[in-house]
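Undergrad: Here's a structure for you.
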Amino acid sequence: MSLPLHKRYEIIFLAKNRHGPHFGIKKIAEILNCSTSTVKRWLSRWKTDKYLDDHIREGRPRVTSEAQDNSIVNAALVIDEPTSQKVQHQLQKHSLNVSERTVRRRLHEAGLQYSLPLSKPLLTSKHRQDRLQWATQVQNLD
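Structure representation (structure tokens):
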């Protein structure tokens, strides 16, 4: 786990600051309850960069380009009752192979809400009649 920023500055204060106590690496590690290698890492980073924030991490490159992202969104807007699977099949017809998960991610990034299609059956007219009949029977019981 990464050391919080305030603890990184504590390491520098305890070791290097002219108003600080100038403790050694072991003593600082003991005080801050971290390993000596962590203290060494942040002291060396301070010595070279004078910068204690986390380095920017790039992450994995995107599978789709911006134009492909736009075509995913456009396909979702054109399809009636779009699901990620329907959008994926539509895109495959146009030779764009992306996963359903990628489709969901891109739609979410575009501000579109993804939801699963309804899996329960809606009420039929027979159900409505039965409910109405039951409600009128129960209404008179009070």
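According to the UniProt record's numbering, the sequence shown is numbered sequentially starting from 1. Note that beta-carbon positions come from the ideal geometry of N, C-alpha and C, so glycine has one too.
Rounded to whole angstroms, what's the CA-CA distance from residue 31 to residue 13? Just pull it up for me.
TA: Roughly 12 Å between the two C-alpha positions.
Undergrad: Using only alpha-carbon positions, find the residue among 53, 101, 48 that is nearest to residue 62.
TA: Considering only alpha carbons, the answer is 101.
Undergrad: Measure the alpha-carbon distance for residue 20 versus residue 51 and round it to whole angstroms.
TA: Distance between the alpha carbons of residue 20 and residue 51 is about 19 Å.
Undergrad: Rounded to whole angstroms, what is the Cα-Cα separation between residue 69 and residue 89?
TA: Cα to Cα, the separation comes out at about 15 Å.
Undergrad: Let's test the definition: count the other Cβ atoms within 10 Å of the Cβ of residue 91 and tell me whether it reaches 16, buried, or not, exposed.
TA: Residue 91 should be labelled buried.
Undergrad: Is the Cβ-Cβ distance between residue 25 and residue 40 less than 8 Å?
TA: Cβ distance < 8 Å, so residue 25 and residue 40 count as in contact.
Undergrad: Given a cut-off of 8 Å on the beta-carbon distance, is the pair residue 106 and residue 138 in contact?
TA: Taking 8 Å as the Cβ cut-off, residue 106 and residue 138 do not qualify as a contacting pair.
Undergrad: Below 8 Å between beta carbons: does that hold for residue 46 and residue 16?
TA: Contact: yes.
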